[in-house]
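Right, one structure below, let's go through it.
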Amino acid sequence: MVNEQPQVESQEPELDIQAYQVKLATATPEEFFTILAEISKQKSAIAKAQAEAARKEAEALAGQREELAKAIYKAVKGVVDAKALEAVKAKGFTFKLDTPDANGVMVNYKSVDLMVPTIKAKKAGGGGGGTGVSTEAETGLKLDDLFNQYANDEERAEVAAIDTDTSLQDKAKNSKKWQVKTKAKKRILADNPNLVKK
Numbered sequence: 444m445v446n447e448q449p450q451v452e453s454q455e456p457e458l459d460i461q462a463y464q465v466k467l468a469t470a471t472p473e474e475f476f477t478i479l480a481e482i483s484k485q486k487s488a489i490a491k492a493q494a495e496a497a498r499k500e501a502e503a504l505a506g507q508r509e510e511l512a513k514a515i516y517k518a519v520k521g522v523v524d525a526k527a528l529e530a531v532k533a534k535g536f537t538f539k540l541d542t543p544d545a546n547g548v549m550v551n552y553k554s555v556d557l558m559v560p561t562i563k564a565k566k567a568g569g570g571g572g573g574t575g576v577s578t579e580a581e582t583g584l585k586l587d588d589l590f591n592q593y594a595n596d597e598e599r600a601e602v603a604a605i606d607t608d609t610s611l612q613d614k615a616k617n618s619k620k621w622q623v624k625t626k627a628k629k630r631i632l633a634d635n636p637n638l639v640k641k
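Position one of the sequence shown corresponds to residue 444 (my numbering), numbered consecutively onward.
Next comes the structure, spelled out in structure tokens:
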């Protein structure tokens, strides 16, 4: 297995908030809107750079990730009894390292979580295409928080690309980002069934 970490150059632009605050404080009315446009342009450039960096990182790590996945699969298959999983109707299991949450507090996960069928609550009165349950009610996290903590590089890059698409109005951007995050939520909950409240 290759142990060397691929190097991905990162020269993302940075937004100097203090410098812009000084400019805005001393700007004339005409300069004020020009500076706001400059800030918006800079934010767009940063989001685009972050999306590109995420894409490059994903490409650089692709080979190692595939190699590691094969090694884990080979090791696990030789130890785990498939019949024992089938007996409890588990299709597999996930393993997650302990990681800090958005507030920097370390989250300690179980050693593994079995991938078992999830019983979803149905909307009262039947009818309708959704489950009628919000992400927060289902997991304890809002959709944005769930996405920020568990989205993969590709999903984050997709949202960043929408943010930098100047052809879209804010309403269209929000709609597209919601679609990406909702799709990501399905994957996240499938990969982390322990996130669903019992």
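All residues carry an ideal CB built from backbone N, CA and C; glycine is no exception. Since this is a predicted model, take the numbers as computed values, not measurements.
Spatial neighbours of Thr578 in its chain, beta-carbon cut-off 7 Å, leaving aside the 5 residues before and after: Result list for Thr578: Leu584, Lys585, Leu586, Leu589, Lys628, in chain order.
Confirm, please, whether the CB-CB distance from Thr537 to Met558 is below 9 Å. Going by C-beta atoms, Met558 is nearer than 9 Å to Thr537.
Spatial neighbours of Gly647 within its chain, please: C-beta separation below 6 Å, excluding the five flanking residues on both sides. One cannot answer for residue 647 here, as it falls past the ends of the chain, which runs 444 to 641.
Give the straight-line distance between the Cα atoms of Thr625 and Pro636, rounded to the nearest whole angstrom. One C-alpha to the other measures close to 16 Å.
Shortest alpha-carbon distance to Gln622 belongs to which of Ile605, Val548, Ala512? Of the candidates Ile605, Val548, Ala512, Ile605 places its Cα closest to the Cα of Gln622.
Can you name, in chain order, every residue of its own chain whose Cβ lies under 6 Å from the Cβ of Ile478, other than the five neighbours on each side? Closer than 6 Å at the Cβ level, and outside the excluded window around Ile478, lie Lys466, Leu467, Ala470.
Since Val550 sits in a beta bridge, which residues does DSSP pair it with? Paired residues: Thr542.
With C-beta atoms as the reference, is Ala643 less than 9 Å away from Ala603? Lying before the first or after the last residue shown, residue 643 is absent from the chain, which here runs from 444 to 641.
Where Tyr679 and Gln485 are concerned, what is the direct C-alpha to C-alpha distance, given to the nearest angstrom? Given that the chain is displayed from residue 444 to residue 641, the structure contains no residue 679 and the question cannot be resolved.
Collapsed DSSP secondary structure at Gly571 in the structure displayed: Below a pLDDT of 50, predicted positions are generally treated as unreliable, and Gly571, at 39, falls in that range; the measurement from the model is reported next regardless. In the structure shown, Gly571 falls within a coil segment according to DSSP collapsed to helix, strand and coil.
In three-state terms, what does DSSP make of Leu557? Note: Leu557 maps to strand in three-state DSSP.
Under a Cβ-count criterion, where at least 16 other Cβ atoms within 10 Å of its own Cβ denotes burial, should Arg599 be classed as buried or exposed? Arg599 should be labelled buried.
Would you kindly work out how many angstroms separate the C-alpha atoms of Asp634 and Ser483, rounded to a whole number? Spanning the two alpha carbons is a distance of roughly 36 Å.
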